[in-house]
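Colleague: These protein sequence lines are chains A and B, in that order. One point on numbering: in my numbering, the residue at position 123 of the first sequence is 123, and numbering is uninterrupted. One point on numbering: in my numbering, the residue at position 397 of the second sequence is 397, and numbering is uninterrupted.
2 protein chains.
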Amino acid sequence: MNNRESTATSTLLRRLNAGAVLDALRATGPATGTELMAVTGLSRPTVHTVCDHLISRGWIDEIEHRPPERGSGPGRRARQYEFNARAGFVLGIDLGQNKVTTVVADLRGDSLAEHTHSFRGRNIGARARLNQTQRTIEATLEDAGLEKSAVLAIALAVPGPVDDSGHVVAEEKYLPGLAKIDLREVVGDGFDAPVLVENDANLAVLAERWRGCAQGMDNVVELLAGERLGSGLFLGGRPIQGGHGAAGELGFLSMVDGVGNTDGIALLARTLGAEAVATGVAKPPVKAPAPDRAASLADAVDGDPEQISAELVFAAARRGDPLAVAVVDEVTARIGRVIALLHTLLNPDLVVIGGAVAQAGDVLLEPLRRAVGELVPNPPEIKNSALGDHVVVTGAVRRALDHAALELFQDVHGARGEG
Amino acid sequence: MNNRESTATSTLLRRLNAGAVLDALRATGPATGTELMAVTGLSRPTVHTVCDHLISRGWIDEIEHRPPERGSGPGRRARQYEFNARAGFVLGIDLGQNKVTTVVADLRGDSLAEHTHSFRGRNIGARARLNQTQRTIEATLEDAGLEKSAVLAIALAVPGPVDDSGHVVAEEKYLPGLAKIDLREVVGDGFDAPVLVENDANLAVLAERWRGCAQGMDNVVELLAGERLGSGLFLGGRPIQGGHGAAGELGFLSMVDGVGNTDGIALLARTLGAEAVATGVAKPPVKAPAPDRAASLADAVDGDPEQISAELVFAAARRGDPLAVAVVDEVTARIGRVIALLHTLLNPDLVVIGGAVAQAGDVLLEPLRRAVGELVPNPPEIKNSALGDHVVVTGAVRRALDHAALELFQDVHGARGEG
Chain A
1 MNNRESTATS
11 TLLRRLNAGA
21 VLDALRATGP
31 ATGTELMAVT
41 GLSRPTVHTV
51 CDHLISRGWI
61 DEIEHRPPER
71 GSGPGRRARQ
81 YEFNARAGFV
91 LGIDLGQNKV
101 TTVVADLRGD
111 SLAEHTHSFR
121 GRNIGARARL
131 NQTQRTIEAT
141 LEDAGLEKSA
151 VLAIALAVPG
161 PVDDSGHVVA
171 EEKYLPGLAK
181 IDLREVVGDG
191 FDAPVLVEND
201 ANLAVLAERW
211 RGCAQGMDNV
221 VELLAGERLG
231 SGLFLGGRPI
241 QGGHGAAGEL
251 GFLSMVDGVG
261 NTDGIALLAR
271 TLGAEAVATG
281 VAKPPVKAPA
291 PDRAASLADA
301 VDGDPEQISA
311 ELVFAAARRG
321 DPLAVAVVDE
331 VTARIGRVIA
341 LLHTLLNPDL
351 VVIGGAVAQA
361 GDVLLEPLRR
371 AVGELVPNPP
381 EIKNSALGDH
391 VVVTGAVRRA
401 LDHAALELFQ
411 DVHGARGEG
Chain B
1 MNNRESTATS
11 TLLRRLNAGA
21 VLDALRATGP
31 ATGTELMAVT
41 GLSRPTVHTV
51 CDHLISRGWI
61 DEIEHRPPER
71 GSGPGRRARQ
81 YEFNARAGFV
91 LGIDLGQNKV
101 TTVVADLRGD
111 SLAEHTHSFR
121 GRNIGARARL
131 NQTQRTIEAT
141 LEDAGLEKSA
151 VLAIALAVPG
161 PVDDSGHVVA
171 EEKYLPGLAK
181 IDLREVVGDG
191 FDAPVLVEND
201 ANLAVLAERW
211 RGCAQGMDNV
221 VELLAGERLG
231 SGLFLGGRPI
241 QGGHGAAGEL
251 GFLSMVDGVG
261 NTDGIALLAR
271 TLGAEAVATG
281 VAKPPVKAPA
291 PDRAASLADA
301 VDGDPEQISA
311 ELVFAAARRG
321 DPLAVAVVDE
331 VTARIGRVIA
341 LLHTLLNPDL
351 VVIGGAVAQA
361 GDVLLEPLRR
371 AVGELVPNPP
381 EIKNSALGDH
391 VVVTGAVRRA
401 LDHAALELFQ
411 DVHGARGEG
């Protein structure tokens, strides 16, 4: 009965078994082989095969354990296994339109060092952007006191869908000049580690599940809403990437009545804010501001619409500035329709607003909840990400960790002998 | 290290282990315990515990096996285990707007008997619909020569989202008079088996993966497009039901420019066809038909728009009737936009058009592929379901089988002793 299907099942089982042993050791302190057998239900030969493999790769250490002595005789020695979080390291990178952030973490995912570099202007050239990314990576490794050879896996988040090849940004508009460049080569230069190029929103929802506000939840959508609007889908207990890695793209939603375009919240706020300042009134269907305070947002930027930023609009709205409030109303009406559609189609328990814009706080969140509640019955919970502008890079760390573990298990074999 | 997380992992592993043993036996012929150990990587005590449990529930039989004799001495006897497909049976029911279909299947999913009853008129009362469903169930069991007690699980497909409670149709419009009725009670009357009430499109995509045109595919969307339009999502290798079982609903897509409403293809074709016949011309943006053949679809129904059916429209379009072709153009334009949106958001490898309307064949499929190709880059493959109007009931059988296996494993325990 050793047909192909059974062999596939068997390989999967062995990986699951190896993963179970590693998870048990990573989550807790040292454990004996017998304890690992009890927790995993695996046979002694299987546990020993898995542990030998993990030891050979340095992920676990074998230590001698002497239990508390009973009576006067010497205690019986037992071998224990212990997870070694510093057997290797991973690198997470968030390469955005405005800045790059890199984090070096150990095998538990705890950060050793991190750096952020803000690009000067949004239209920085591709070469300058990549050079700066490399410098940021090197500075982070130096801070952590690590050589490149210590890094087991690298995950690079990019703002936009990734090509079928899995290593270039699919569309020019997201990172000007970078589309069709093999980012694995540039970022992985000097490393002996795989580079995974991934969509930022897909990583954000991983982070939310790992260390954010969606822990333990099986149906979550993250709206990453800065310059662009992207969504990361975690449905039925696992990340959804689509057949070609492009799940979660929202471009076509511009066809939904009242959405208009799928700019991110930050870009939308800046654009609408600049329009409002330039014309002195907000565009319909935004209510006209009360005349006596109409100029306040404009005053803040000396009447220069170019100086409007999303932060400025949200700050002014928090102060009650009617022009800014009108802009936020329009932004929430548009994003609310996007959430309503995602909710109808995917029925998540939670929608997380992620990225820098989440810092707008309740000034955005409360109207957004109202807008969605008016559009659909039983609306999902809507929360701001607690991970702030670290959500994407945290997801990149998690992705790199998962990949390192996968590589580790690639050549693991279960015992075939007597159990 | 016996914390809660490890215990959960352990329970999951035991179910996986039990499932692996059962899958191996279901897929192939009899096997010895040693063979099962080799295939699953499980210890002898675990294999024996699982097998004893499966024997006690009748799902596998223990048989004596005498290998071919070598030399003159008696062959060594070895015990073998064999899957018993007739240890129990499941019932799949597709309760639609126009008809009810029931299938009784064995534990491999092979049909023993099936019945279909067409309702007289779409506005049949709730009581008559349920009485007929019960009679159809009884006729099917009688044909199969089975008592109700032999049925281990029942899955009932309904056209529309299922309530949070998991046993009533959530909205009145789908099955008039049936919303808020506990369908488990009515359908399960006299059975000692659980009744699962499920959305029809969710079951359709399960069927497509099991025995249809999506076998082995991890990212599939099924558009169930008869009277209503629903979608079943299978993404990242598993069915997506949403936090409250309502994933795949498309009502909100009526807000997409050019979709207009989310009637199913059949209803849309009938409505637009009747309009075209009544007015003698198709509505914009449909092209005006050539004058000399304008009346041909109308002729077919003696000018009575009430007699227009989807089948009639598709048949006339196949003949080249310009009025019918114009109607099909408009139908495909609208459905094409729905598919384009699903593709943008979910990036499936395959979109299957399921339900009775799939029988329209290429007259619908070719224009649909063109329409989607004009809207999005890298469009998904689009196919008609090969399961025809059996797709939903086939999914119901699969769902019932899965549930029966889950119940089976609920009290299974792995060996905790020495491996």
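In this text, a Cβ means the ideal position worked out from N, Cα and C, and glycines have one as well.
Where DSSP assigns a beta bridge to B/Leu-91, which residues make up the other side?
Modeller: Answer by DSSP bridge pairing, in chain order: B/Val-104, B/Ile-154.
Colleague: A/Gln-410 CB to nearest chain B CB: under 9 Å?
Modeller: For A/Gln-410, the answer is no, since every Cβ of chain B falls outside 9 Å of its Cβ.
Colleague: For B/Ile-63, which of helix, strand or coil comes out of DSSP?
Modeller: Reduced to three states, the DSSP call for B/Ile-63 is strand.
Colleague: Give me the subset of the stretch 328 to 357 of chain A whose CB atoms are less than 9 Å from a CB atom of chain B, sorted by chain position.
Modeller: Residues passing the 9 Å Cβ filter: Arg-337, Ala-340, Leu-341, Leu-342, His-343, Thr-344, Leu-345, Leu-346, Asn-347, Pro-348, Asp-349, Leu-350.
Colleague: In the structure shown, what three-state DSSP assignment does B/Val-393 receive?
Modeller: Helix.
Colleague: If I measure Cβ to Cβ from A/Ser-130 and keep anything under 7 Å in the same chain, skipping five residues before and after, which residues do I get?
Modeller: Correcting the residue identity first, residue 130 of chain A is Leu in this sequence and not Ser. Result list for A/Leu-130: Val-186, in chain order.
Colleague: How is the beta strand (DSSP E) around B/Val-220 delimited, first residue to last?
Modeller: Unbroken beta strand (DSSP E) run through B/Val-220: 220 to 225.
Colleague: If the cut-off is 8 Å on Cβ atoms, which residues from the stretch 38 to 49 of chain A count as contacting chain B, listed in chain order?
Modeller: Answer set for the stretch 38 to 49 of chain A: Ala-38, Val-39, Thr-40, Gly-41, Leu-42, Ser-43, Arg-44, Pro-45, Thr-46, Val-47.
Colleague: Just mark B/Thr-279 as buried or exposed, buried being the case when its beta carbon has 16 or more other beta carbons within 10 Å.
Modeller: Counting Cβ neighbours within 10 Å, B/Thr-279 comes out exposed, since fewer than 16 surround it.
Colleague: Is there at least one Cβ from chain A nearer than 9 Å to B/Glu-208's Cβ?
Modeller: Not closer than 9 Å to any Cβ of chain A, the Cβ of B/Glu-208 fails to qualify, so no.
Colleague: Look at the Cβ atom of A/Gly-226, then the Cβ atom of A/Pro-159, and state whether they are nearer than 9 Å.
Modeller: Going by C-beta atoms, A/Gly-226 is nearer than 9 Å to A/Pro-159.
Colleague: Would you check if the stretch 189 to 204 of chain A and the stretch 325 to 334 of chain A touch, i.e. whether three or more CB-CB distances between them fall below 8 Å?
Modeller: In short, these stretches do not touch, since the Cβ pair count stays below three.
Colleague: Counting only runs of 3+ residues fully inside the stretch 177 to 254 of chain B, write out the beta strand (DSSP E) ranges in chain order.
Modeller: The qualifying runs are 195 to 199, 220 to 225, 229 to 235, 238 to 240.
Colleague: Alpha carbon to alpha carbon, how far is A/Glu-62 from A/Gly-355? Give it in angstroms, no decimals.
Modeller: Their Cα atoms are separated by approximately 42 Å.
Colleague: Between A/Lys-148, A/Leu-387, A/Thr-101, A/Asp-23, which lies nearest to A/Asp-192 when the distance is taken from Cα to Cα?
Modeller: The shortest Cα separation from A/Asp-192 among A/Lys-148, A/Leu-387, A/Thr-101, A/Asp-23 belongs to A/Lys-148.
Colleague: To the nearest angstrom, how far is it from the Cα of A/Ala-126 to the Cα of A/Leu-178?
Modeller: About 6 Å.
Colleague: Quick one: which chain A residues come within Cβ less than 8 Å of B/Glu-249?
Modeller: Thr-344, Leu-345, Asn-347, listed in chain order.
Colleague: So if I threshold CB-CB distances at 8 Å, which residues from the stretch 354 to 384 of chain B count as touching chain A?
Modeller: Listed by position, the residues of the stretch 354 to 384 of chain B near chain A (Cβ gap below 8 Å) are Leu-375, Val-376, Asn-378, Pro-380.
Colleague: Take B/Gly-58 as the anchor and find which of B/Thr-32, B/Glu-171, B/Glu-82 has the nearest alpha-carbon.
Modeller: For the residues B/Thr-32, B/Glu-171, B/Glu-82, the minimum Cα distance to B/Gly-58 belongs to B/Glu-82.
Colleague: Hey, is B/Pro-239's beta-carbon within less than 9 Å of any beta-carbon in chain A?
Modeller: Answer yes: the Cβ-Cβ gap between B/Pro-239 and chain A drops below 9 Å somewhere.
Colleague: Rounding to the nearest angstrom, what Cα-Cα distance links A/Ile-137 and B/Ile-240 in this structure?
Modeller: About 38 Å.
Colleague: Using CA atoms only, rank isn't needed, just tell me which of B/Ala-113, B/Thr-101, B/Gly-109, B/Leu-146 is closest to B/Thr-133.
Modeller: Cα-wise, what sits closest to B/Thr-133 is B/Thr-101.
Colleague: Look at the Cβ atom of B/Pro-380, then the Cβ atom of B/Leu-350, and state whether they are nearer than 9 Å.
Modeller: Yes, these two residues count as a Cβ contact at 9 Å.
Colleague: Tell me which same chain residues have a C-beta within less than 7 Å of the C-beta of A/Ala-360, skipping the five on either side of it?
Modeller: So the list reads Phe-314, once near-sequence residues are dropped.
Colleague: Assuming the contact rule is C-beta atoms closer than 8 Å, A/Arg-228 and A/Gly-264 should be a hit. Round their C-beta distance to whole Å, please.
Modeller: Yes, A/Arg-228 and A/Gly-264 are in contact; Cβ-Cβ is about 5 Å, under 8 Å.
Colleague: Can you list, in chain order, the residues of its chain whose CB lies under 6 Å from that of B/Pro-194, leaving out five sequence neighbours each side?
Modeller: Taken in chain order, the residues that qualify are Ala-153.
Colleague: Starting from B/Asn-219, find everything on chain A with Cβ-Cβ shorter than 7 Å and list it in chain order.
Modeller: Those within 7 Å of B/Asn-219 in chain A are Gly-242, Gly-243.
Colleague: For B/Val-169 and B/Ala-247, I'd like the C-alpha separation in whole angstroms.
Modeller: Rounded to the nearest angstrom, the two C-alpha atoms are 14 Å apart.
Colleague: In angstroms with no decimal places, state the Cα-to-Cα distance between B/Ala-18 and B/Trp-210.
Modeller: In a straight line, the C-alpha of B/Ala-18 is about 21 Å away from that of B/Trp-210.
Colleague: Classify A/Gln-410: buried if its beta carbon has 16 or more other beta carbons within 10 angstroms, exposed otherwise.
Modeller: Looking at its Cβ environment, which holds fewer than 16 other Cβ atoms inside 10 Å, A/Gln-410 is exposed.
Colleague: If you measure from the beta carbon of A/Ala-246 to each beta carbon in chain B, is any gap under 9 Å?
Modeller: Taking Cβ atoms only, chain B reaches closer than 9 Å to A/Ala-246, which makes this a yes.
Colleague: Here's the rule: buried if 16 or more other CB atoms are within 10 angstroms of the residue's CB, otherwise exposed. What is B/Lys-180?
Modeller: Classification for B/Lys-180: exposed.
Colleague: With DSSP as the reference, label A/Thr-116 as helix, strand or coil.
Modeller: Looking at A/Thr-116 - three-state DSSP - the assignment turns out to be strand.
Colleague: Check for me: the beta strand (DSSP E) holding B/Gly-373 runs from which residue to which?
Modeller: Element bounds for B/Gly-373: not the beta strand (DSSP E) but the alpha helix (DSSP H), 362 to 375.
Colleague: DSSP three-state call for A/Asp-164: helix, strand or coil?
Modeller: It is coil, neither helix nor strand.
Colleague: Using only the alpha-carbon positions, how far apart do B/Val-50 and A/Gln-80 sit?
Modeller: Using only the alpha carbons, I get a separation of about 29 Å.
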